[in-house]
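A.B. asks:
Protein chains in written order, with the numbering used here: chain A, 1 to 162; chain B, 163 to 364.
As structure tokens, this is what we get:
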């Protein structure tokens, strides 16, 4: 289902988590398998609206936002977690209510929400995602599409208890 | 200078500035942008065009412009450049305040933002210096060094900013305009020997 692409962002993320895992492994040998929590990305919370409704689809759809939600430490998938998604699309600007929606993760910790095509805004085609339900620490992500022509985008969360 | 050559130079300059604007006007992205965002984007493209005109004026490459008229035009186009940048930044601020604030605070995730912001401050600085130069009693040489230093920052910042942005500008016309801006700046700097020790009047 999930395809992993070898690009700079993924490599950096993988390298970062590898490094984090390696360093914490050295410091805390008992927790050598530890998976580091995802930090919020800069600009991730821009044009965020609290409490976007959970929807089957944002607008008319045509573009897929997907990802996973896991727990920091053991990396266990987290089911039923609410992920909020928004972007500048063919149907509205980032700050407009119709550009916002939320979805829940399935039993494998995966989420997938159909939304309108993302359009480059402020010089980059990008989306915004938030975990903001309170059980875990809030995380804002801002993934960038490799090309404005792509019709899907992924973002992955590793959450730590609040 | 023969009339044909004169005409050719002015037509080429008009094309270098207007073709990128026309190409951007055909961008499909415009359909999904509000009027303020569209104006802000075009102000940025126009600003890049003005950055091309500046070294051509001061280098004396535009036929029909005496050294005096060239300098006067350079001065006023500098003012227009400040205005274009204010419209560009102001329009983007209205479109998405948090993104613009991130850019101005150098905390934006987009790699092109700091280049644009640095070029903006350099444009404001050179305009302020030009306006206050007599009042401050700046030596011609001090003024020239300061202006050249800021001009290099403006040109480099604007070109990198423009090249990295994924916006309404069409790629080929954008690359061509940026290349012309760099070439015109380098030629003017070489011809005017801006690093010379003594100020000479033109």
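The beta carbon of each residue, even a glycine, is placed where N, CA and C say it ideally should be. Please read these numbers as outputs of a predicted model, since none were measured by experiment.
Starting from residue 84 of chain A, trace the beta strand (DSSP E) both ways and give me its first and last residue.
C.D. replies: Note, residue 84 of chain A: beta strand (DSSP E), 82-87.
A.B. asks: Using a Cβ cut-off of 8 Å (strictly closer), state whether residue 65 of chain A contacts chain B.
C.D. replies: Residue 65 of chain A does not count as touching chain B.
A.B. asks: I'd like the ranges of any beta strand (DSSP E) spanning at least 3 consecutive residues and lying wholly in the stretch 87-114 of chain A.
C.D. replies: Qualifying beta strand (DSSP E) stretches, in chain order: 100-104.
A.B. asks: Quick one: does residue 30 of chain A have its CB under 8 Å from some CB of chain B?
C.D. replies: Here the model assigns residue 30 of chain A a pLDDT of 49, short of 50, so the residue's position is not dependable, and the following value carries that caveat. Taking Cβ atoms only, chain B never reaches closer than 8 Å to residue 30 of chain A, which makes this a no.
A.B. asks: For a test of the three-state rule: what should DSSP assign to residue 166 of chain B, helix, strand or coil?
C.D. replies: Residue state, collapsed to three classes: helix.
A.B. asks: Just checking: is the beta-carbon of residue 119 of chain A within a distance shorter than 8 Å of some beta-carbon in chain B?
C.D. replies: Cβ-Cβ to chain B under 8 Å: yes for residue 119 of chain A.
A.B. asks: For residue 343 of chain B, count neighbouring Cβ atoms within 10 angstroms of its own Cβ and tell me buried if that reaches 16, exposed if not.
C.D. replies: Counting Cβ neighbours within 10 Å, residue 343 of chain B comes out buried, since at least 16 surround it.
A.B. asks: By Cβ distance below 7 Å, which residues in the same chain neighbour residue 198 of chain B in space, the five residues on each side in sequence not counted?
C.D. replies: These residues qualify, in order along the chain: 253, 256 and 257.
A.B. asks: Throw me the rounded Cβ distance for the residue 127 of chain A and residue 65 of chain A pair, which I believe falls under 8 Å.
C.D. replies: With a Cβ gap of about 6 Å, residue 127 of chain A and residue 65 of chain A count as contacting.
A.B. asks: Taking 8 Å as the cut-off, decide whether the C-beta atoms of residue 130 of chain A and residue 84 of chain A are in contact.
C.D. replies: Taking 8 Å as the Cβ cut-off, residue 130 of chain A and residue 84 of chain A qualify as a contacting pair.
A.B. asks: May I ask you to report which of helix, strand or coil DSSP gives residue 131 of chain A?
C.D. replies: It is a strand residue.
A.B. asks: Cβ closer than 9 Å: which chain B residues qualify as neighbours of residue 43 of chain A?
C.D. replies: Per Cβ cutoff of 9 Å: 260, 261, 264, 269, 270, 271 and 272.
A.B. asks: DSSP three-state label for residue 172 of chain B, please.
C.D. replies: Helix at residue 172 of chain B.
A.B. asks: So residue 257 of chain B is in the alpha helix (DSSP H); what residue range does that whole segment cover?
C.D. replies: Per DSSP, residue 257 of chain B belongs to the alpha helix (DSSP H) from 229-257.
A.B. asks: Roughly how many whole angstroms lie between the Cα atoms of residue 183 of chain B and residue 74 of chain A?
C.D. replies: Cα to Cα, residue 183 of chain B sits roughly 54 Å from residue 74 of chain A.
A.B. asks: Name the residues in the stretch 91-124 of chain A whose C-beta lies less than 8 Å from a C-beta of chain B; which are they?
C.D. replies: The stretch 91-124 of chain A vs chain B, Cβ under 8 Å: 93, 94, 95, 119, 120, 121, 122, 123 and 124.
A.B. asks: First and last residue of the beta strand (DSSP E) that includes residue 204 of chain B?
C.D. replies: That residue, residue 204 of chain B, is in no beta strand (DSSP E); its alpha helix (DSSP H) goes 197-221.
A.B. asks: Using a beta-carbon distance below 8 Å, is residue 204 of chain A in contact with chain B?
C.D. replies: One cannot answer for residue 204 of chain A here, as it falls past the ends of chain A, which runs 1 to 162.
A.B. asks: Thinking residue 241 of chain B and residue 202 of chain B are a contact (beta carbons under 8 Å), I'd like their distance in whole angstroms, please.
C.D. replies: Residue 241 of chain B to residue 202 of chain B, Cβ: 19 Å. No contact.
A.B. asks: Against chain B, does residue 146 of chain A count as a neighbour if the rule is that its beta carbon must be under 8 Å from one of theirs?
C.D. replies: Output row for residue 146 of chain A: interface = no.
A.B. asks: Note down, in chain order, each residue of its chain lying with its Cβ closer than 8 Å to the Cβ of residue 273 of chain B, except the 5 sequence neighbours on either side.
C.D. replies: Cβ within range, chain order: 326.
A.B. asks: Using the beta-carbon of each residue, which ones in chain A are nearer than 8 Å to residue 191 of chain B?
C.D. replies: Correct list: 119 and 120.
A.B. asks: Looking at the structure shown, is residue 180 of chain A part of a helix, part of a strand, or coil, going by DSSP?
C.D. replies: Any property of residue 180 of chain A remains undetermined from this structure, which presents chain A solely from 1 to 162.
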